[in-house]
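Residue numbers (the working numbering): 72 to 398.
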Ligand SMILES: Cc1cc2nc3c(=O)[nH]c(=O)nc-3n(C[C@H](O)[C@H](O)[C@H](O)COP(=O)(O)OP(=O)(O)OC[C@H]3O[C@@H](n4cnc5c(N)ncnc54)[C@H](O)[C@@H]3O)c2cc1C
């Protein structure tokens with residue numbers, strides 16, 4: 072639903088939408104803990120910064136900042152936007168898009184009183200959204216064209232909060248109260264980056280026994296809220312491709328295993344290339360239209376494209392990455 076309140080345009084997306092769509096707010100900490108709990112106790116090594124990668128026969132040598140060298144039969148880089156593994160594969164650093172996001176989480180002792188709806192507001196050059204996660208917590212975001220103020224703000228959450236409150240102008244009191252109630256420790260500023268989609272088309276998503284997944288593979292602007300979701304899709308498809316490649320591996324030589332891993336990663340790259348291209352391109356286009364200034368674009372956005380723009384994120388989220396078999 073799109074409406075005009077206080078002279079500004081709002082989207083209202085029901086958290087439980089029609090046509091089977093459902094928007095869920097998942098806290099990063101809870102997602103990470105849930106995934107980690109599925110693994111045997113000593114699988115994860117924390118605080119290990121990868122500084123370089125090189126090869127030794129069928130293994131990759133992963134050099135950590137503390138001097139330790141890990142030997143890997145397969146190296147999957149899920150090391151975020153500034154990925155060392157993506158660099159090794161030949162990708163450039165993601166490009167800045169000239170916009171930034173300030174995000175926050177607010178926690179209430181009792182119910183916050185918001186309905187389970189995601190509320191989006193957009194105006195010339197800014198977007199603001201409030202998403203109730205459950206009865207007692209709310210996530211909000213504010214994206215804006217980056218300016219010289221960014222540097223000043225980076226050092227102070229108080230300045231970020233002040234900036235958002237100043238830019239929002241006249242909005243409903245309960246929405247303003249969400250920002251006001253946010254603790255300074257729960258506010259973060261991030262410059263927005265993306266990998267130009269054509270780099271995804273001709274770049275190496277995998278090479279020998281190395282590949283990338285998540286933001287290391289397809290950093291995108293957050294305009295359709297799909298970056299983290301796409302990382303989960305990658306995980307399912309990668310696990311399936313590697314699982315199939317290594318099925319019945321008993322008695323297999325190191326060379327055969329290496330070749331099978333290489334083929335498994337190649338089929339993962341084939342399956343994900345166009346999906347990543349589509350997600351990055353759509354996010355960039357939506358962000359461009361929603362945050363642009365100018366009479367024509369404002370008119371198109373608010374009067375012609377509003378419903379289309381509200382539905383697009385839901386449409387693109389409808390993607391079936393298939394199932395994983397337990398054995
Ligand atoms: C403003 C904003 C809003 C967003 N909103 C949404 C949304 O609504 N929905 C959605 O699905 N997604 C959203 N995203 C995107 C989502 O946050 C990312 O896509 C997701 O976090 C990517 O996960 P990742 O595991 O690939 O990378 P990250 O979460 O960045 O994790 C990378 C990990 O690698 C580690 N690392 C980095 N470098 C090294 C190194 N050299 N050695 C070892 N470890 C390293 C880091 O410490 C980190 O733990 C948003 C992003 C932004 C910026």
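Just so it is clear, CB atoms sit at the ideal spot from N, CA and C, and this is done for glycine as well.
| Smallest Cα separation from residue 188: which of 204, 103, 122 and 116? | 204
| request: Along the beta strand (DSSP E) that carries residue 134, what are the first and last residues, could you check? | output: 130 to 135
| request: Pull up the DSSP beta-bridge partners for residue 124, would you. | output: 133
| query | Considering only residues of the same chain and omitting the five flanking positions on each side of residue 200, which have a CB-CB separation below 6 Å? | reply | 191 and 212
| said: For residue 270, which residues in the same chain have their Cβ closer than 8 Å to its Cβ, ignoring the five residues on either side in sequence? | reply: 162 and 163
| Can you tell me whether DSSP reads residue 178 as helix, strand or coil? | strand
| Uninterrupted beta strand (DSSP E) stretches inside the stretch 224 to 308 (no shorter than 3 residues) | 258 to 265 and 281 to 283
| field | Presumed contact (8 Å Cβ cut-off) between residue 165 and residue 152, rounded CB distance | value | 5 Å
| Three-state secondary structure (DSSP) of residue 171 | strand
| query | Hey, how far is the Cα of residue 210 from the Cα of residue 382? | reply | 21 Å
| query | By DSSP, does residue 148 sit in helix, in strand, or in coil? | reply | strand
| Which of helix, strand or coil DSSP assigns to residue 386 | helix
| request: Identify whether residue 338 lies in helix, strand or coil by the three-state DSSP scheme. | output: helix
| message | Quick check on the burial criterion: 16 or more other C-beta atoms within 10 angstroms. Buried or exposed for residue 228? | response | buried
| What three-state label does DSSP hand residue 210 in the structure shown? | strand
| C-alpha distance - residue 121 paired with residue 134, whole-angstrom precision | 6 Å
| query | Do residue 212 and ligand 1 come close, with the Cβ less than 8 Å from some heavy atom? | reply | yes
| query | When the distance is taken between beta carbons, is residue 207 closer than 9 Å to residue 251? | reply | no
| said: I want to check one thing, is the minimum distance from the CB of residue 153 to the heavy atoms of ligand 1 below 8 Å? | reply: yes
| message | With three or more beta-carbon pairs closer than 8 Å as the criterion, would you say the stretch 287 to 304 touches the stretch 255 to 265? | response | yes
| query | Closest to residue 345 by CA distance: which of 369, 268 and 147 is it? | reply | 268
| message | When you compare the stretch 121 to 132 with the stretch 222 to 237, are there three or more beta-carbon pairs, one atom per stretch, that lie closer than 8 Å? | response | no
| query | Under three-state DSSP, which class holds residue 96? | reply | coil
| For residue 118 and residue 105, the rounded distance between their alpha carbons | 19 Å
| request: Flag residue 174 as yes when its Cβ comes closer than 8 Å to any non-hydrogen atom of ligand 1, and as no otherwise. | output: yes
| Hey, would you say the C-beta of residue 282 is under 8 Å away from at least one heavy atom of ligand 1? | no
| request: Please report how far the alpha carbon of residue 342 lies from the alpha carbon of residue 308, in whole angstroms. | output: 8 Å
| request: Enumerate in chain order the residues of its own chain whose CB-to-CB distance from residue 287 is below 7 Å, with the five nearest sequence positions on each side excluded. | output: 148, 149, 150, 151, 154, 156 and 157
| said: Could you check whether residue 339 and residue 305 sit closer than 9 Å to each other, using their CB atoms as the reference points? | reply: yes
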